[in-house]
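Residue 1 in numbering that gives the first Met the number 0 sits at position 2 of the sequence shown, and the numbers go up by one each step.
Read the structure below first, then the notes.
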Amino acid sequence: MKIRGIKTFCKTHGIDLLVLFGSSAGNKHEISRDIDLAVKLKKGTNISKLDLIYKLDDFFMGKKIDLVLLTADTDPLLLYEIFMKGVCLFEQKKNLFEMDKLRAWKLYLDTDKIRNMRGKYLKNFVRKVSDVA
0 MKIRGIKTFC
10 KTHGIDLLVL
20 FGSSAGNKHE
30 ISRDIDLAVK
40 LKKGTNISKL
50 DLIYKLDDFF
60 MGKKIDLVLL
70 TADTDPLLLY
80 EIFMKGVCLF
90 EQKKNLFEMD
100 KLRAWKLYLD
110 TDKIRNMRGK
120 YLKNFVRKVS
130 DVA
């Protein structure tokens, strides 16, 4: 992974936040096959996800890039994974990563009841289907 130049790249491409997460961020000893990145774009930035992947490829030595564009609609569970286990590679404003981390944690807690209800519903559904079969 080539970090040199990431700051300039992010500034010129309208990126407010770039986070490395997943296996590539968590385990320093294990070589990961892909790179998981989360990107928060500045409002009004018009760049496609595919273009970003293509342009970020130079920094990650040709490894497959899985890119998440962070929006208001990003799943709270995914946000939690990104911010609790991720590593900030770039933040446009000081403490932006920490503020979004706090937001992700609050959303995760707020949606806990819904996740539990969904889990109970799915277990009940599987039990009913198993009884029929």
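Ideal placement from N, C-alpha and C gives every residue a C-beta, glycine not left out.
| Asked | Found |
| --- | --- |
| Does the region 29 to 47 come within contact of the region 113 to 123, defined as at least 3 CB pairs closer than 8 Å? | no |
| Does the pairing of the region 96 to 112 with the region 57 to 66 give three or more beta-carbon distances under 8 Å? | no |
| So what's residue 69 in DSSP terms, helix, strand or just coil? | coil |
| Identify, in the order they occur along the chain, each residue of the same chain with its Cβ nearer than 8 Å to the Cβ of residue 43, setting aside the five sequence neighbours on each side. | 13 |
| Measure the CB-CB distance between residue 65 and residue 4 and report whether it falls below 9 Å. | no |
| Between which two residues does the beta strand (DSSP E) containing residue 14 stretch? | 14 to 20 |
| Taking only runs of the alpha helix (DSSP H) that begin and end inside the region 61 to 121, which ones reach a length of at least 4 residues, in chain order? | 75 to 84 and 95 to 109 |
| Can you give the Cα-Cα distance for residue 80 and residue 6, rounded to whole angstroms? | 23 Å |
| Check each candidate in 90, 74 and 87 and name the one with the smallest Cα separation from residue 136. | Any question about residue 136 goes unanswered here, given that the chain covers just 0 to 132. |
| Where does residue 34 fall in DSSP's three states? | strand |
| Let me know the secondary structure DSSP gives residue 10 once reduced to three states. | helix |
| Report the rounded CA-to-CA distance for residue 55 versus residue 8, giving the unit in angstroms. | 9 Å |
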